[in-house]
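Trainee: Below is one structure. I have some questions about it.
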Amino acid sequence: MISSQPDIRINTTLMKTFKILCFSLLFMLFSFSGHAQEKSKKERIKALKVAYITEKLSLTTAEAQKFWPVYNTYYDKVSELWHQEYKNIKNPIRNGDIDTMSDAQAGRLLNEQEEIERKIYEESMQLTRNLKGVLPAKKILLLKRAERDFSRELLHRLKRKDDKK
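So this is what it looks like as structure tokens:
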């Protein structure tokens, strides 16, 4: 009787190799395109993140089908909050508007920032609760690490790219 076990190992190895190859190719495409439009950059970054998370979590097809809709809903909500925070709070602070605002205006800005940060935290907790029915606890923890590592790697590559200029 012939065992199918080696086929499973080969398929798993091939899938991991394929994922790593796809991630590498996507990352290279991102690295070499300096003059692309902002939306295109965001789409490439999102594609890189999808590949990175899929590879780091070793998502099965069944897990991925359940995971990505939940994660994308979370990410869309949090992205909107980040955009709101940047537009309403961080941008005015960076532009020096803080120097000319009253203490009452600064207080309102601070309250708005705290509210946005609270909402982001709540979305993160909701994601964890939603994923408990989709992924094993270990993969949820791996997701948190993968998100952090992806952000660090992306910032590192962007810094290296800026240093070359």
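Each residue of the sequence shown is one higher than the one before, counting from 0 in numbering that gives the first Met the number 0. For every residue, glycine included, the Cβ atom is placed at its ideal position computed from N, Cα and C.
(1) With a CB to CB cut of under 8 Å and the five nearest residues on each side skipped, what residues in its chain are close to Q125?
(2) Tell me whether K48 is buried or exposed, calling it buried when 16 or more other Cβ atoms sit within 10 Å of its Cβ.
(3) Inspect the CB distances between the segment 57-67 and the segment 122-141 and report whether three or more fall short of 8 Å.
(4) Tell me where the alpha helix (DSSP H) around T60 begins and ends.
(5) Excluding sequence positions up to five away, which residues of its chain have a Cβ less than 8 Å from the Cβ of I88?
(6) Where do the ends of the alpha helix (DSSP H) carrying I88 lie?
(7) E146: which of K40, K38, A50 and K41 sits nearest, CA to CA?
(8) Return the first residue and the last residue of the alpha helix (DSSP H) that M100 is part of.
(9) Within 10 angstroms of its Cβ, does L140 collect 16 or more other Cβ (buried), or is it exposed?
(10) Rounded to the nearest angstrom, how far is the Cβ of E122 from that of V77, given a contact under 8 Å?
(11) Quick check: what's the CA-CA separation for D98 versus I52?
Mentor: Once the coordinates are examined:
(1) Excluding sequence neighbours, Q125 sits near Y73.
(2) Of the residues assessed, K48 falls on the buried side of the cut-off, its CB having 16 or more other CB atoms within 10 angstroms.
(3) Taking a cut-off of 8 Å for Cβ pairs, the segment 57-67 and the segment 122-141 touch, as three or more such pairs fall below it.
(4) In the DSSP annotation of this structure, the continuous segment of the alpha helix (DSSP H) that includes T60 starts and ends at T60 to E84.
(5) So the list reads L108, E111, Q112 and I115, once near-sequence residues are dropped.
(6) Where I88 is concerned, there is no enclosing alpha helix (DSSP H), because DSSP gives it neither an H nor an E.
(7) When each option's Cα is compared against that of E146, the closest is A50.
(8) Looking at the DSSP string, M100 is not in any alpha helix (DSSP H), and its letter there is neither H nor E.
(9) Under this definition L140 is an exposed residue.
(10) Yes, E122 and V77 are in contact; Cβ-Cβ is about 5 Å, under 8 Å.
(11) Straight-line Cα distance between these residues: approximately 41 Å.
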